[in-house]
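Asker: This is the structure, below, for whatever I ask next.
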Amino acid sequence: MRLFGYARVSTSQQSLEIQISALKDAGVKESRIFTDKVTGCHTDREGLSLLRLKVEAGDVILVKKLDRLGRDTADMIQLIKEFDNINVAVRFLDDGISTEGSMGKMVVTILSAVAQAERQRILERTNEGRVEAISNGVKFGRKRSVNRKKVLAMKAQRIGATEIAKQLEIGRSTVYKILKESTDGKSL
444 MRLFGYARVS TSQQSLEIQI SALKDAGVKE SRIFTDKVTG CHTDREGLSL
494 LRLKVEAGDV ILVKKLDRLG RDTADMIQLI KEFDNINVAV RFLDDGISTE
544 GSMGKMVVTI LSAVAQAERQ RILERTNEGR VEAISNGVKF GRKRSVNRKK
594 VLAMKAQRIG ATEIAKQLEI GRSTVYKILK ESTDGKSL
């Protein structure tokens, strides 16, 4: 039996280090820890693909938390079935759960469904908060840093787009976009 580890983060705000440290503490060699730093919806997980190639019958994969293995319930169940078919067990450190045995598989399926439901609730609350903020006048995204009135004033003085871009230190395409918006009647 060989121990392998898998760690995944789905946002840039999360850190792999905590997961990697827990896997090392559980006895996984650093050379057998596979990681992915991707978005939750992204399907290309190179670390997981390499792990799939390395494991053999009788091996055990350690994962810090249940929701770090799969993106959603269906993905989690598919991965657990895939590993089970080649006689590879998956153990979740924080949850104290293992896929070994029929009871373990049942618990993992239920918990992954609960984890997905919680993520869905978080997304819904986040979206509700965003809609509320927008209705209260909060603006999202990067603030405009270009003085649009200055671009239009310079154009009115018959200065070319390339020269406007140079003087204001902005891209020529930005100048053209502002000029197009002004002729389309969009607000400045």
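Quick note on our numbering: the sequence shown kicks off at 444 and runs consecutively.
Built from N, CA and C at the ideal position, the CB exists for glycine as well.
These numbers come from a predicted model, not from an experiment.
1. Taking one C-beta from the region 526-535 and one from the region 568-577 each time, how about it: are there three or more such pairs within less than 8 Å?
2. Whose C-alpha, out of Glu-612, Ala-558, Glu-567, Ala-599, is nearest the C-alpha of Val-589?
3. Spatial neighbours of Phe-477 within its chain, please: CB distance less than 6 Å, with the 5 preceding and 5 following residues excluded, ordered by chain position.
4. With burial defined as no fewer than 16 other Cβ atoms inside 10 Å of the residue's Cβ, what is the status of Leu-566: buried or exposed?
5. With burial defined as no fewer than 16 other Cβ atoms inside 10 Å of the residue's Cβ, what is the status of Met-546: buried or exposed?
6. Would you mind working out which of Asp-468, Arg-514, Lys-609, Leu-505 sits nearest Arg-562, comparing C-alpha positions?
7. Take Thr-542 as the anchor and find which of Leu-522, Arg-585, Ser-464 has the nearest alpha-carbon.
Answerer: The structure says:
1. The region 526-535 is not in contact with the region 568-577.
2. With distances taken between Cα atoms, Val-589 lies closest to Glu-612.
3. Excluding sequence positions up to five before and after Phe-477, its CB lies within less than 6 Å of the CB of Tyr-449, Gly-490, Leu-493, Leu-494, all in the same chain and listed in chain order.
4. Under this definition Leu-566 is an exposed residue.
5. Exposed, since its Cβ has fewer than 16 Cβ neighbours within 10 Å.
6. Ranking the options by Cα distance to Arg-562, first place goes to Arg-514.
7. Residue Leu-522 is the option with its Cα nearest to Thr-542.
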